[in-house]
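Q: Everything in the sequence shown is counted per this note's numbering, starting at 5 for the first residue and increasing by one. Take this structure, written in structure tokens, and hold onto it; I'll ask about it next.
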Amino acid sequence: MPDIMARILGFQCVACAGELPPCRTPYACPACGANLQVVYDYRAIRGRISRRSLARDQDRSLWRYWEVLPLARRCPMSVPQIGWTPLYSLPAAARELGLSRLFVKDDGRNPSASFKDRANAVVVSRALELGEKVVATASTGNAASSLACLAAGLPLRTVIFVPQTAPEAKIAQLLVFGATVIAVRGTYDDACELCGRAAREYGWYDRSTGVNPFTREGKKTAAFELCEQLGWDVPDVIFVPVGDGNIISGIWKGFTELQSLGLVDKLPRLVAAQAAGSAAVARAVEGDGVVRRVSGRTVADSISVSLPRDGLAAVAAVRRSQGFAVTVTDAEIISAIPDLARAAKVFAEPAAAAAWAGMKKAAAAGRLRGCRTAVVLVTGNGLKDVASARKSVGRPHGVAADFGEFKRLVRKLDL
């Protein structure tokens, strides 16, 4: 605990800016009920982390940024590599879209195949340090499978609340890793409400997005990685798929911390890519800034949210970065799956493909004029939702085990 307190000044409300002193895990602002974020003593940390120290660090994982994580010790649990995911350069696609440089960061390469491993690495580690026994979360699938994966084999029980409509592949992951799965007959928002009440009733550690301020801490590490991987050349614009909004708020926090630590001198514009049927954040960004409930209907289950749990911070991130929001239809999302795969050799789930679709839509509308470097964040692997991927492509060509019939097919296909 003393090591943490040496770095953390406390918590700040994302709405009213009210401050709380350091404590175990505050779930909401006592004054207004909004989400909280961790505030560090950047002057104290500044002497411990630098471009030079990071260049010497051979740890290719998010633990290389331990000095700006809310944990008592580095790499507190034995897990596979989390973070330091590949960043792919796409010169051909960049030329086609009129960009100097275009990159895709593939966080589907994390242990549970999603970006959410970043958040759960920190949350699970914090739960262990606090001596928690049960961790609960509500999720459309990725946060849940990630939590179950990283808690597997540890002295932590996981209770997962998911909407009954969650893809089978994600449910299978949960069960394989040993989680107790509660399939809620309702929406993701219903699952969130049930999880929160259960955590309060039984004293479980609540990992749920937005509610637990430490989820944002893990997610911000992607910003640190991007800067390092690009040789400290901050990208002009980053496209982020948005559901609850916690990823984009985390990315923004990461970049502002990099600036506070003197590691970068400029900030990127952030673009919130949302499904048209689940666009609460986009509407708020383009409107009066108030996040209101929407239908939450989209094929992209990972960003299917009626009332974003970190919506206020997400809207603030987009606006403060001088970014914008873009909405894409389900048809555009589905089409983006093979388009991204063929451009970047990355198989993305629908939510992640939404960021690619949003980038192409923004480029076509002329919203990237003057942009030199763009990054698209891929947050989940396509194997998590094969059914949606199949909708984006044709069917295989059937043939009998007869070479003559095969030859006729070859002629038909002009192979």
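Think of the CB as a built atom: it goes at the ideal place given N, C-alpha and C, for glycine as much as any other residue.
Between which two residues does the alpha helix (DSSP H) containing Pro74 stretch?
A: No alpha helix (DSSP H) contains Pro74, which DSSP labels as neither H nor E.
Q: Using the three-state DSSP reduction, which class does Gln16 fall into: helix, strand or coil?
A: Here Gln16 sits in strand by DSSP.
Q: Spell out the partners DSSP gives Ala3 in its beta bridges.
A: Outside the shown range of the chain (5 to 419) lies residue 3, about which nothing can therefore be said.
Q: How would you call Arg324, buried or exposed, if buried means at least 16 neighbouring beta carbons within 10 angstroms?
A: Arg324 should be labelled exposed.
Q: Exposed or buried, which one is Cys20 when buried takes at least 16 other CB atoms within 10 Å?
A: Per the 10 Å Cβ criterion, exposed.
Q: Go through its chain and collect everything with a Cβ distance to Trp360's Cβ below 6 angstroms, but skip five positions before and after it.
A: Cβ within range, chain order: Ala340, Leu344 and Val380.
Q: Hey, Ser150 and Pro115: beta-carbon distance below 9 angstroms or not?
A: Yes; because the gap between Cβ atoms is below 9 angstroms, this pair is in contact.
Q: Anyone know if the C-beta pair for Val289 and Ala329 falls short of 9 angstroms?
A: Going by C-beta atoms, Val289 is nearer than 9 angstroms to Ala329.
Q: From the DSSP output, which residues share a beta bridge with Tyr44?
A: BP columns for Tyr44 point to Ile12.
Q: State the Cα-Cα distance for the pair Trp70 and Arg77, rounded to the nearest angstrom.
A: So the two alpha carbons sit approximately 8 angstroms from each other.
Q: Exposed or buried, what is Asp45 when buried is set at 16 or more other beta-carbons lying within 10 Å of its beta-carbon?
A: Classification of Asp45: exposed, given that the 10 Å Cβ count is below 16.
Q: Rounded to whole angstroms, what is the Cα-Cα separation between Gly22 and Tyr31?
A: In a straight line, the C-alpha of Gly22 is about 14 angstroms away from that of Tyr31.
Q: First and last residue of the alpha helix (DSSP H) that includes Lys120?
A: Start and end: Lys120 to Glu133.
Q: Short of 7 angstroms in beta carbon distance, which residues of its chain neighbour Ala170, apart from the five on each side in sequence? Order them along the chain.
A: Contacts found: Thr144, Gly145 and Asp305.
Q: How should Ser253 be labelled, buried or exposed, when 16 other C-beta atoms within 10 angstroms of its C-beta is the threshold for buried?
A: Ser253 is buried by the Cβ-count criterion.
Q: Between Ser396 and Pro312, which are expected to be in contact by the criterion C-beta below 8 angstroms, what is the C-beta distance as a whole number of angstroms?
A: About 26 angstroms; that fails the 8 angstroms criterion.
Q: Going by Cα to Cα distance, which pick from Val126, Val108, Val43 and Leu101 is closest to Ser65?
A: Of Val126, Val108, Val43 and Leu101, the residue nearest in Cα terms is Val126.
Q: Looking at C-alpha atoms only, which residue of Ala369, Ile251 and Ala226 is the closest neighbour of Pro217?
A: The option with the nearest alpha carbon to Pro217 is Ile251.
Q: With distances taken Cα to Cα, identify the nearest neighbour of Trp88 among Trp67, Val18, Val180 and Val166.
A: When each option's Cα is compared against that of Trp88, the closest is Trp67.
Q: Could you name the residues of the same chain whose beta carbon sits closer than 6 angstroms to that of Glu136, not counting the 5 residues immediately before and after it, in chain order?
A: For Glu136, where only same-chain residues beyond five positions count, the Cβ hits under 6 angstroms are Tyr209.
Q: Quick one: is Gly37 buried, meaning 16 or more other Cβ sit within 10 Å of its Cβ, or exposed?
A: Exposed: under 16 other Cβ atoms inside 10 Å.
Q: With DSSP as the reference, label Pro6 as helix, strand or coil.
A: For Pro6, the pLDDT reaches just 45, beneath the cut-off of 50, and the residue's location in the model is therefore unreliable, although a value from the coordinates is still provided. Correct three-state label for Pro6: helix.
Q: Using the beta-carbon count (16 or more within 10 Å), is Gly327 buried or exposed?
A: Counting Cβ neighbours within 10 Å, Gly327 comes out buried, since at least 16 surround it.
Q: Work out the CA separation of Asp121 and Asn39 for me, nearest whole Å.
A: One C-alpha to the other measures close to 21 angstroms.
Q: Could you check how far apart the C-beta atoms of Val285 and Val332 are, in whole angstroms? I think they sit under 8 angstroms.
A: That belief does not hold up - the Cβ atoms of Val285 and Val332 are roughly 13 angstroms apart, past 8 angstroms.
Q: Using CA atoms only, rank isn't needed, just tell me which of Lys109, Ile175, Phe181 and Val128 is closest to Cys153.
A: Of the listed residues, the one whose Cα sits closest to Cys153 is Phe181.
Q: Give the straight-line distance between the Cα atoms of Asp111 and Arg412, rounded to the nearest whole angstrom.
A: Their Cα atoms are separated by approximately 42 angstroms.
Q: Using the Cα positions of Arg220 and Gly247, report the straight-line distance between them to the nearest angstrom.
A: Cα-Cα distance, rounded: 14 angstroms.
Q: Do you know how far the Cα of Ala352 is from the Cα of Thr383?
A: Looking at the two C-alpha atoms, the distance is approximately 8 angstroms.
Q: Nearest to Lys224 by alpha carbon, out of Pro167, Leu372 and Thr260?
A: Taking only the C-alpha atoms, the option nearest Lys224 is Thr260.
Q: So Thr377 and Ser104 are in contact, right, with Cβ under 8 angstroms, and what is the actual spacing, rounded?
A: Indeed, because the Cβ distance is near 6 angstroms, the residues count as touching under 8 angstroms.
Q: Under 7 angstroms Cβ to Cβ from Ala347, same chain only, skipping five residues before and after it: list those, please.
A: Correct list, in chain order: Leu94 and Ala97.
Q: I'd like to know whether the C-beta of Tyr44 is nearer than 9 angstroms to at least one C-beta of chain E.
A: Protein chain content of the structure displayed is limited to a single chain, and chain E is not contained in it.
Q: Drop a sphere of 10 angstroms on the beta-carbon of Phe15, count the other beta-carbons inside from all chains shown, and report buried for 16 or more, exposed for fewer.
A: With 16 or more Cβ atoms within 10 Å of its Cβ, Phe15 is classed as buried.
Q: Excluding the 5 residues flanking Gln233 on each side, which residues of the same chain have their C-beta closer than 6 angstroms to its C-beta?
A: Once the five neighbours on either side are set aside, the close Cβ partners of Gln233 are Leu91.
Q: Reducing DSSP to helix, strand and coil, say where Gly374 ends up.
A: Note: Gly374 maps to coil in three-state DSSP.
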